[in-house]
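Residues 603 to 846 in my numbering are what the sequence shown spells out, letter by letter.
Note that CB positions come from ideal geometry on N, CA and C, so glycine has one too.
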Amino acid sequence: MYYIKILFKIIILLFFINFKIYCLEIKVGLETMPPLIIDENSGYTVKLLKEIEKKSNLKFDIQIMTYSRASEELKKGRLDLIGHTPKNKETKEFYSFAQELDFYIPTCLDLYMTKPINIKNNELKKISIIGTPLGNKEFFGNMFDISIKNFKEGSIENLLKMLSAGRIDAFLFERASSMTTVKNLKLKNIYYTLLDGDLDASLAVKNGSILKKRLDEEIKKINLNELFKDYYKFTNLPKKGYVK
Numbered sequence: 603m604y605y606i607k608i609l610f611k612i613i614i615l616l617f618f619i620n621f622k623i624y625c626l627e628i629k630v631g632l633e634t635m636p637p638l639i640i641d642e643n644s645g646y647t648v649k650l651l652k653e654i655e656k657k658s659n660l661k662f663d664i665q666i667m668t669y670s671r672a673s674e675e676l677k678k679g680r681l682d683l684i685g686h687t688p689k690n691k692e693t694k695e696f697y698s699f700a701q702e703l704d705f706y707i708p709t710c711l712d713l714y715m716t717k718p719i720n721i722k723n724n725e726l727k728k729i730s731i732i733g734t735p736l737g738n739k740e741f742f743g744n745m746f747d748i749s750i751k752n753f754k755e756g757s758i759e760n761l762l763k764m765l766s767a768g769r770i771d772a773f774l775f776e777r778a779s780s781m782t783t784v785k786n787l788k789l790k791n792i793y794y795t796l797l798d799g800d801l802d803a804s805l806a807v808k809n810g811s812i813l814k815k816r817l818d819e820e821i822k823k824i825n826l827n828e829l830f831k832d833y834y835k836f837t838n839l840p841k842k843g844y845v846k
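Here it is as C-alpha cells:
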C-alpha cells in the first residue's frame, strides 16, 4: 500500500509537470488599437492569438494597458509579448531588451483635422497642438522633427472629441484605429490625409527569447489575408478625404 501511494504521488507530479510543459502560458500586454485590438477578447490581432491557441499548446493571458507600461513590463520580465510596436522603428533603448516578430501588419499613418488638409510632412511643426495617443509623442516627434511641446497625449476617444470641439488643431495616428473611433463616436467634419513614411505594426518579445521562433512558426500556419481582410479595407482607401 505504501508503494502504491508513492507511485500515485509520482503520477500526479508528472501530470502537473507535463501540463506546464504542454500548456505554455504567455503573458501578453496590448494597448487598445481598434479594430486590431479592441479589448482582451476582441480585435483582429486578438483573434490571431486565439487562432494560435487552437493550433498549438500556447495559451495567451492578455491584459490591456498603455504601450509605455507594456514596454516597461516586458523589460522587467513581467510580460512575454507586447504590441503593437512600430516595426523596426522603435528606439535603440527598446531594441536593447526587445526584439520584434517577423510578423507585421501594414498600416497607414494619417493626420486628422476639421477641414480639408493640404500639408507636407515638413510642415507639421507649424501646427500648434497635435493630439496623439499616450506614449507616442517622442516617437512621432523624432519621426517628423516636431517638438514634443506641440503634442497633446491622451486616449484616442478623448483626443478625437477634442479635435471635433476645436480644442486641439490636429490628431496624428494610425488610420484604422482613428477612423473606427471617429465612426463609433459619430463625429462629423473630420478630414484625413496620409503622411509619407511606412509604418507597420508588429509584436515584440524579450531579446534572446525562444518564444520569437515559436511564434513566428505558429503565425505562418495562419491565413493572415483571410483573418485581416476587413482590416485591409482601410489601407486601400484614397490617400486623403473625408471620414465617412
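- Exclusion of the five residues before and after R671 leaves G631 as the residues of its chain whose Cβ lies within less than 8 Å of its Cβ.
- Listed in chain order, the non-local C-beta contacts of V784 below 8 Å within the same chain comprise Y714, L762, I792 and V845, local neighbours out to five positions each way being set aside.
- Of all alpha-carbon atoms in D663, K649, L626 and G685, the one lying nearest the alpha-carbon of E633 is that of G685.
- The criterion of a C-beta distance shorter than 8 Å is satisfied by T716 and L765.
- The three-state secondary structure of Y833, taken from DSSP, is coil.
- When secondary structure is reduced to three states using DSSP, F699 falls in the coil class, being assigned neither helix nor strand.
- In the three-state DSSP reduction, T693 falls in the coil class, being neither helix nor strand.
- Between L796 and K842, the gap from beta carbon to beta carbon is short of 8 Å.
- When the five nearest sequence neighbours on each side are left out, the beta carbons in the same chain lying within less than 7 Å of the beta carbon of T668 are those of E633, L736 and G737, in order along the chain.
- Excluding residues up to 5 positions away in sequence, E653 lie with their Cβ nearer than 6 Å to the Cβ of I824 in the same chain.
- Counting only runs of 4+ residues, the alpha helix (DSSP H) found wholly inside the region 643-693 occupies 646-657 and 669-677, in chain order.
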